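I have placed the structure first, in the form of structure tokens, so that the comments after it can refer back to it.
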DNA sequence: AATTTCTTGAGGTGCGTTACTCATCAATAG
DNA sequence: CTATTGATGAGTAACGCACCTCAAGAAATT
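Residue numbers (my numbering), protein chains in the order written: chain H, 905 to 1255; chain L, 905 to 1255.
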């Protein structure tokens, strides 16, 4: 069980240490046949470089920037908190995670933030990318400069980002639709929809997924036109209140985006919270409590901790040129009922 | 942004390198006041040892043994596969994960396997612990010998195991109960129950959770007496077939344990698959397909990949004497409908 | 044949810790 | 006053790899 070192590789390949080093680190000046000899030796010996020694010698440093929207959004706050927590924990692992709050509605500012980054200050970027063309362009340019970029939560499929860490929002919407369909009695009824903005890709995807399922499998249910509340609690409260007033026969409510607090308040005030099946997104102290109180009936969520850790793993792999284990990086669409809530609502303690 | 090394600590503490080393590694022969001086220097400089250098110098090796039941259980096979996959990946991280299949029904054999381990051959053990007193005793003895032990999937709360990696099965049962209650129409009906054995702690917990929810929130539903099929497909098929025959008014089915394949077959054969709400556990190729075909209506699951990774992290932390980040190690109770299934049914590829 | 270019060997240094040994020096006990 | 113990300094050899230099032989070019 002794470790295989470059010495062993050199010996069995019949070359010198220097040559092995040249091959292993892709340095020039080695004949093709020699390269193959070395590679064969590596394979037969199953040589793996010692990450400790390599890391030490390389003085490797992983400097990652996380751009996460600020603002009063509980989910983004969770993301930020998780990232900050890991920034602490991982500083001993030669990883410097820098969390930079961004204004998700100001594309130029975000693009500007991305524009000043390059490989001299940063080895990888994870960004919750607002869907502006200038942001997409900035991502592409960053990649050209050799900085790997992963998109977080919200994807930019047309950009050259190396990886997307997040959930399939169409599937999430389908899941919401099925829960609504199955929780509601099998009789004609209306379902009210509230979104942040259908201009946002994730919201549009969820909407499409939900609609597809309802139309296909629950044709007795009627989806009302989606109202846009910009993920704002006050606006959502107002919207839901009005929807409930205008439609006494609304039996279901799906909040596609954030701002559940407003919807919860309106539903509570209406006195119809028990009768209306309400499905929302993201686990927060508010949605947890609403689930416990039977105001919310189900929450579709993604785990911010998993997402941050996955993003870090992926960025590290990209920096190292290591392969990404797809199965490990798949973010699940979590379904929470009142019974399978995690024990503590605050995901992370300040330890 | 320069790295702080022990040299810096030694300098600002006004002591020698050797003394810093003694303090940092808890070696004897240092006066209390000196220890404090060093510690203060560490704090003010915010010194963190370089894991690369430390790992290299220490020639640290993490040898973990995973004892996982063999036999034709898809979930255990997944666990085994995940562990094996990580054994490969992590060998470069100086971790040697050894997977040892055990016979979960032979307590003495398992206890014997545990008995021959000690700190000279193994730095940590994760075991899917069969609920035999001799196994519990063996775990306790292993810990006494200085080998940290975590229980996996199935807990031994009364043993001295350092940690449990798995889900809260009462909550899982509650979740199943609520899904049944909400998916079924609000009218009197019977729910059939199949378990592996109510002598198994996890199964008993799930049963209790399900019963509690049904009785409290869905009193119009009647839970039939749980039949025990020993997680065996043939037996389960037989059981379900008989249950459906004997009770034409059965509207729901909850398979508490493994052996979904048998239940699925029986349900399919009965021609009542579409009408009966069927909730089961664990995501396998069979349950995935049954969900897609509307035979299964919901699957409660735990992610074997998460569990293996969590166990490894916990064992590593225990070996290092490092703290465990509870929030990160909490295993979620996953709910799968046909819409939020992971893309590929086989969780891991052979790369 | 002379010259240039390519390829390889030999060797060294540094990375930050760990885990030693050996030598001091002081305080304390006998 | 000496022997003993305790606390500390000083130094060093790994650990395995990355990266660099210098030199020399081989091959290709002119």
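Glycine is no exception: its CB is placed at the ideal position from the N, C-alpha and C atoms.
These numbers were taken from a predicted model, which means no experiment stands behind them.
Taking 9 Å as the cut-off, decide whether the C-beta atoms of residue i and residue j are in contact.
i: residue 1128 of chain L; j: residue 1118 of chain L; result: no
i: residue 1027 of chain H; j: residue 1223 of chain H; result: yes
i: residue 959 of chain L; j: residue 998 of chain L; result: yes
i: residue 979 of chain H; j: residue 1003 of chain H; result: no
i: residue 1058 of chain H; j: residue 1040 of chain H; result: no
i: residue 1159 of chain L; j: residue 1181 of chain L; result: no
i: residue 1043 of chain H; j: residue 1006 of chain H; result: no
i: residue 1216 of chain H; j: residue 1021 of chain H; result: no
i: residue 1000 of chain L; j: residue 1213 of chain L; result: no
i: residue 982 of chain H; j: residue 1238 of chain L; result: no
i: residue 1211 of chain L; j: residue 1229 of chain L; result: no
i: residue 1014 of chain H; j: residue 1037 of chain H; result: no
i: residue 923 of chain H; j: residue 938 of chain H; result: yes
i: residue 1029 of chain L; j: residue 968 of chain L; result: yes
i: residue 1209 of chain L; j: residue 930 of chain H; result: no
Could you check which residue in the options has the C-alpha nearest to that of residue i?
i: residue 1066 of chain H; options: H:1037, H:1138, H:1241 and H:1218; result: H:1218
i: residue 1054 of chain L; options: L:1233, L:1081 and L:1086; result: L:1233
i: residue 1205 of chain H; options: H:1190, H:1192, H:1185 and H:1198; result: H:1185
i: residue 1072 of chain L; options: L:1172, L:950, L:1106 and L:943; result: L:1106
i: residue 955 of chain L; options: H:964, H:951, H:950 and H:949; result: H:964
i: residue 916 of chain H; options: H:950, H:931 and H:933; result: H:950
i: residue 1146 of chain L; options: L:1202, L:1125 and L:1096; result: L:1096
i: residue 1114 of chain L; options: L:924, L:1083, L:911 and L:942; result: L:1083
i: residue 907 of chain H; options: H:933, H:923 and H:952; result: H:952
i: residue 984 of chain H; options: H:1031, H:1011 and H:1236; result: H:1031
i: residue 940 of chain L; options: L:1079, L:927 and L:1172; result: L:927
i: residue 1056 of chain H; options: H:1089, H:1024, H:1087 and H:1008; result: H:1008
i: residue 1190 of chain H; options: H:1231, H:1170, H:986 and H:1164; result: H:1164
i: residue 1192 of chain H; options: H:1023, H:1247, H:1091 and H:929; result: H:1247
i: residue 1207 of chain H; options: H:909, H:986 and H:966; result: H:986
i: residue 1111 of chain H; options: H:1227, H:1079 and H:976; result: H:1079
i: residue 1153 of chain L; options: L:1172, L:1120, L:1139 and L:1179; result: L:1179
i: residue 1120 of chain L; options: L:1139, L:992 and L:1081; result: L:1081
i: residue 1221 of chain L; options: L:1023, L:1052, L:932 and L:1148; result: L:1052
i: residue 945 of chain H; options: H:911, H:1226 and H:992; result: H:911
My understanding is that residue i touches residue j, with C-beta atoms under 8 Å, so please give their C-beta distance in whole angstroms.
i: residue 1103 of chain H; j: residue 1135 of chain H; result: About 12 Å separates the two Cβ atoms, so there is no contact after all.
i: residue 1137 of chain L; j: residue 1166 of chain L; result: 4 Å
i: residue 1122 of chain H; j: residue 1077 of chain H; result: Wrong, their Cβ atoms sit about 14 Å apart, outside the cutoff.
i: residue 1195 of chain L; j: residue 1245 of chain L; result: 6 Å
i: residue 1088 of chain L; j: residue 1156 of chain L; result: 6 Å
i: residue 1141 of chain H; j: residue 1170 of chain H; result: 5 Å
i: residue 1109 of chain L; j: residue 1074 of chain L; result: 5 Å
Excluding the 5 residues preceding and the 5 following residue i in the sequence, name in chain order all residues of the same chain whose CB lies nearer than 8 Å to its CB.
i: residue 1045 of chain L; result: 1018 and 1019
i: residue 1242 of chain L; result: 1195, 1196 and 1198
i: residue 1282 of chain H; result: In this structure chain H extends from 905 to 1255, so residue 1282 of chain H is not present and cannot be described.
With a threshold of 7 Å on Cβ separation, who are the neighbours of residue i within its own chain once the five nearest residues in sequence on each side are excluded?
i: residue 1143 of chain L; result: 1098, 1131 and 1133
i: residue 920 of chain L; result: 914
i: residue 1187 of chain L; result: 1203, 1205 and 1240
i: residue 1101 of chain H; result: 1107, 1132 and 1134
i: residue 934 of chain H; result: 923, 926 and 927
i: residue 1252 of chain L; result: In this prediction, residue 1252 of chain L has a pLDDT of 40, which is less than 50 and means its spatial position is unreliable; nothing more can be read from the coordinates.
Residues in the same chain with beta-carbon distance under 6 Å from residue i, minus the five sequence neighbours each way, listed in chain order, please.
i: residue 1151 of chain L; result: 1094
i: residue 988 of chain L; result: 1003
i: residue 1168 of chain L; result: 1194 and 1199
i: residue 925 of chain H; result: none
i: residue 1124 of chain L; result: 1092
i: residue 1064 of chain L; result: 1044 and 1047
i: residue 974 of chain H; result: 1005
i: residue 1139 of chain L; result: 1133
Length-filtered (4 minimum) alpha helix (DSSP H) runs lying within the stretch 1156-1225 of chain L: With a minimum length of 4 residues, the continuous alpha helix (DSSP H) runs that stay inside the stretch 1156-1225 of chain L are 1164-1174, 1189-1196 and 1208-1224.
Which runs of the alpha helix (DSSP H) spanning at least 4 residues fall entirely within the stretch 905-962 of chain L, listed in chain order? The stretch 905-962 of chain L contains these whole alpha helix (DSSP H) runs: 910-917, 921-928, 936-949 and 955-962.
Quick one: complete alpha helix (DSSP H) runs, 4+ long, within the stretch 1005-1064 of chain H? Within the stretch 1005-1064 of chain H, the complete alpha helix (DSSP H) segments of 4 residues or longer fall at 1011-1019 and 1037-1048, listed in chain order.
Note down, one range per segment and in chain order, each beta strand (DSSP E) of at least 3 residues found wholly within the stretch 1092-1128 of chain H. Correct list: 1093-1099 and 1125-1127.
Quick check on the DSSP output: what are the complete beta strand (DSSP E) runs of length 3 or more inside the stretch 963-998 of chain L, in order along the chain? Those beta strand (DSSP E) runs which fall completely within the stretch 963-998 of chain L and span 3+ residues are 966-973.
Could you name each continuous alpha helix (DSSP H) segment of 4 residues or more that falls completely within the stretch 1225-1249 of chain L, going from the start of the chain to the end? Fully enclosed alpha helix (DSSP H) runs of 4 or longer: 1230-1233.
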